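Protein chains in written order, with our numbering: chain V, -13 to 318; chain P, 745 to 1082. For each residue, glycine too, the CB sits at the ideal point set by N, CA and C. Because the structure is a prediction, the values reported are computed rather than measured. Scroll down for the structure; my scribbles are underneath it.
Right, dumping it as structure tokens:
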């Protein structure tokens, strides 16, 4: 709240510019691809774009929530793969799969709680705390599960529905992403807790001096982001019937950050919201879809994505300049 | 009483036999050359640097090699970089510094370890490469004939996607990692088949990075562009289940043939039974491991042979597995190998 007020007074007229830039780039790409690529504009392809970004988007909602509170959560991919793999692993002992998924959620929440305490109480900078915890979580998983790829039992009705089901023609994975995003949007904008997250992110010291419970807020944030990561993992399990823990070694966590920063959530915290995440997700979705149709090589796809991230960071630095207040209270 | 008599008789017979065995001594019953063999292998140190021990093929190899190591008295240490190339380089450097008798290596790509392998050979360490080759050839390579694998998989698609009954001539190659040996050589085999069947149309050639979700996303996008797609070929059964999921979600399981290769583990057979995959060219990791184990003992038995002085290659068997034969030894479980 204070963030948007600040940019209002400092640079009237360019508020939300980055979001608009991203929307404009998306629109241009959309028009160009629609005009040049066959079937790009078909209903099936639009749904495919959304379906293909549902996991990324869900993770990005969780990451956005953390970044708004001036944190960063690099544990999300590790928590996602290890949480889901843990559930599958205990279900192989004969535990009912649905019950195993609940146990997995408990484990994931506990990891989030631990991360939150490390950041909020031990006051380890979140980038280091979460980097270290991500590595330990993945490492523990690797010791416990023999294989990288774990398959869910093939006869779970609700899981099949998550993967292949549709409601009014919209795939369930997209609906889950939309539901997580909508809940988060409501939570951030309409609840008192949500406003406190913005206050903490904008200036943690000021928030604390004013008497806000910053530590419990931060801890809760990490628990929620861990549970959101777990939800993304369940979407993946539904879509491809298994979970590949090697995802931890992929660039997925950076893609998630790309979406968040690209959408215009400043890394200095206190600004932006779910709308930014959605905008960023859709741009990445359109870009990836177009590049896949054009059969671009993997390396050039990564290059293009990285250049866009760099551009977005540069624009972020110009639009949301560090003022004396933000630089004194630190950055991630 | 009769029981007592029988017991006494049995006991006496056993004693006599035991005595006889002791009298005849070791030199007569020992298999020719066995003690020399055991002597050569005893206490030898072998280090294995894999890509990641979490993969089914790696687990099968190590189970088989550990069995050999325990039986014949050499040690096998696995230095698992868990898919991290930098950690792999460190593991290789560490292994070379320790001067073991043999390094076994599974290369993440053709370049990363190329210089390190030269160093190892120069330092007198013998090197056995498994399944994934480096640009540097060393004492031995045991693994797939990847060019043949590319030919077999695209050949399978050519059977389905040419001729008057084919739904279309459109095929997809879901690659792995573009710089990986398997990828580079399979492509050579694929190109040969494409040249021989000019009507085949390769509509997409994207690496899925051995990830099922990436394979699913690419397949979903390509299916939108080419709803009449005829076939997909891939590089690892555990990744291509994602392609299978996308095809199943589109309700095109009868139309699109999905061909891939794999280590032959039971999960691959499950994927065939679930209809996610049609054909797996199974390179049977346990048999590969046995061939490699022969190479291990060969290299350890020749301590005086200069490292890198003789270079050999052994291609393992490839079995075509589909719904009709996805059973028995074509679908191994790790516990059965122990």
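Task: Residue-level contact to chain V via CB, residue 898 of chain P, 9 Å cutoff - done: Residue contact with chain V for residue 898 of chain P: absent (no Cβ-Cβ distance below 9 Å to any residue of chain V).
| task | Drop a sphere of 10 angstroms on the beta-carbon of residue 832 of chain P, count the other beta-carbons inside from all chains shown, and report buried for 16 or more, exposed for fewer. | result | Looking at its Cβ environment, which holds 16 or more other Cβ atoms inside 10 Å, residue 832 of chain P is buried.
*Interface flag, residue 1029 of chain P vs chain V, CB-CB below 9 Å*: Cβ-Cβ to chain V under 9 Å: no for residue 1029 of chain P.
| task | Label residue 172 of chain V either buried or exposed according to how many other C-beta atoms from any shown protein chain fall within 10 Å of its C-beta, with 16 as the threshold for buried. | result | So residue 172 of chain V counts as exposed.
| query | Does any CB atom of chain V fall closer than 9 Å to the CB of residue 949 of chain P? | reply | By this cut-off, residue 949 of chain P is an interface position.
Q. Which runs of the alpha helix (DSSP H) spanning at least 4 residues fall entirely within the stretch 94 to 147 of chain V, listed in chain order?
A. Runs of the alpha helix (DSSP H) inside the stretch 94 to 147 of chain V: 112 to 130.
ask   = Helix, strand or coil for residue -10 of chain V per DSSP?
value = In this prediction, residue -10 of chain V scores a pLDDT of 43, lower than 50, which makes its location untrustworthy; no coordinate-derived value is stated.
* Asked: Can you name the residues of chain P whose CB is closer than 7 Å to the CB of residue 34 of chain V?
  -> Residues of chain P whose Cβ lies closer than 7 Å to the Cβ of residue 34 of chain V are, in chain order, 964, 965, 968.
Checklist entry - By the criterion of Cβ-Cβ separation under 7 Å, what are the contact partners of residue 960 of chain P in chain V? => result For residue 960 of chain P, the chain V residues whose C-beta falls within less than 7 Å of its own C-beta are 225, 226, listed in chain order.
Go ahead and label residue 942 of chain P buried or exposed: buried means 16 or more other beta carbons lie within 10 angstroms of its beta carbon, across all protein chains shown. Under the 10 Å beta carbon count, residue 942 of chain P is surrounded by fewer than 16 other beta carbons and is classified as exposed.
query: Between the C-alpha atoms of residue 1051 of chain P and residue 851 of chain P, what's the straight-line distance to the nearest angstrom?
result: Approximately 19 Å, taken between the alpha carbons.
Notebook entry, point to check: Can you tell me the Cα-Cα spacing of residue 158 of chain V and residue 151 of chain V, whole angstroms?
Noted result: Their backbone Cα atoms lie some 6 Å apart in a straight line.
For residue 37 of chain V, collect the residues of the same chain with a Cβ closer than 7 Å to its Cβ; drop the 5 residues on either side in sequence, then sort them by chain order.
Cβ neighbours of residue 37 of chain V beyond the five flanking positions: 157, 159, 160.
Closer than 9 Å, CB to CB, is residue 284 of chain V near chain P or not? True, the Cβ-Cβ gap to chain P drops below 9 Å.
Excluding the 5 residues flanking residue 827 of chain P on each side, which residues of the same chain have their C-beta closer than 7 Å to its C-beta?
Once the five neighbours on either side are set aside, the close Cβ partners of residue 827 of chain P are 795, 796.
Would you list, in sequence order, the uninterrupted alpha helix (DSSP H) runs of no fewer than 4 residues that lie entirely inside the stretch 838 to 901 of chain P? The qualifying runs are 858 to 866.
Segment limits, beta strand (DSSP E) that includes residue 946 of chain P:
Note, residue 946 of chain P: beta strand (DSSP E), 945 to 951.
- For residue 1013 of chain P, which residues from the same chain have a beta carbon less than 6 Å from its beta carbon, with the 5 sequence-adjacent residues on both sides left out? If we look at residue 1013 of chain P and ignore the five residues flanking it on each side, its Cβ neighbours are 1070, 1075.
*Alpha carbon of residue 229 of chain V to alpha carbon of residue 940 of chain P, nearest angstrom*: Residue 229 of chain V and residue 940 of chain P: Cα-Cα distance of roughly 38 Å.
Exercise. Is the stretch 1016 to 1033 of chain P touching the stretch 998 to 1005 of chain P, taking contact as three or more C-beta pairs under 8 Å?
Worked result: As far as the Cβ criterion goes, the stretch 1016 to 1033 of chain P touches the stretch 998 to 1005 of chain P, which means the pair count is three or higher.
Q.
Using the Cβ count rule (16 or more neighbours within 10 Å means buried), how would you classify residue 285 of chain V?
A. By the neighbour-count rule (16 or more Cβ atoms within 10 Å), residue 285 of chain V is not buried but exposed.
Practice problem: Please state whether DSSP places residue 787 of chain P in a helix, a strand or coil. | Solution: Coil, per DSSP.
In this structure, what does DSSP give as the bridge partners for residue 977 of chain P?
The beta-bridge partner set that DSSP reports for residue 977 of chain P consists of P/917, P/1003.
Item to complete: Please check the pair residue 198 of chain V and residue 247 of chain V, which I expect to be a contact at CB under 8 Å, by giving their CB distance rounded to whole angstroms.
Response: 26 Å between Cβ atoms; not a contact.
| said: Considering just the uninterrupted stretch of the alpha helix (DSSP H) at residue 1014 of chain P, what are its terminal residues? | reply: Boundaries of the alpha helix (DSSP H) around residue 1014 of chain P: 1010 to 1017.
request  = Determine the DSSP secondary structure at residue 202 of chain V, reduced to helix, strand or coil.
outcome  = Three-state result, residue 202 of chain V: helix.
Exercise. Taking the CB atoms as reference points, tell me whether residue 858 of chain P and residue 878 of chain P lie closer together than 9 Å.
Key: Closer than 9 Å, so yes.
Practice problem: Report the three-state DSSP secondary structure of residue 1062 of chain P (helix, strand or coil). | Solution: Coil at residue 1062 of chain P, not helix or strand.
- prompt: Secondary structure at residue 1034 of chain P, three-state DSSP: helix, strand or coil?
  reply: In the three-state scheme derived from DSSP, where H, G and I count as helix and E and B as strand, residue 1034 of chain P is classed as helix.
Taking buried to mean at least 16 other C-beta atoms within 10 Å of its own C-beta, is residue 907 of chain P buried or exposed? With fewer than 16 other Cβ atoms from the protein chains shown falling within 10 Å of its own Cβ, residue 907 of chain P counts as exposed.
Query raised in the report: Should residue 1047 of chain P go down as buried or exposed, given a rule of 16 or more other Cβ atoms within 10 Å for buried?
Result: That one is exposed.
TODO: Report the three-state DSSP secondary structure of residue 907 of chain P (helix, strand or coil).
DONE: Coil.
### Message
Give me the DSSP bridge partner(s) of residue 822 of chain P.
### Response
Residue pairing for residue 822 of chain P: DSSP places it in a beta bridge opposite P/792.
Margin query: Quick check on residue 1053 of chain P: buried or exposed, where buried means 16 or more other Cβ atoms within 10 Å of its Cβ?
Written below: Around the beta carbon of residue 1053 of chain P, fewer than 16 other beta carbons lie within 10 angstroms, which makes this residue exposed.
Alpha carbon to alpha carbon, how far is residue 821 of chain P from residue 187 of chain V? Give it in angstroms, no decimals. When only Cα atoms are considered, residue 187 of chain V and residue 821 of chain P end up about 48 Å apart.
I want to see whether chain V comes within less than 9 Å of residue 1007 of chain P, judged by CB atoms only; does it? At least 9 Å separates the CB of residue 1007 of chain P from every CB of chain V.
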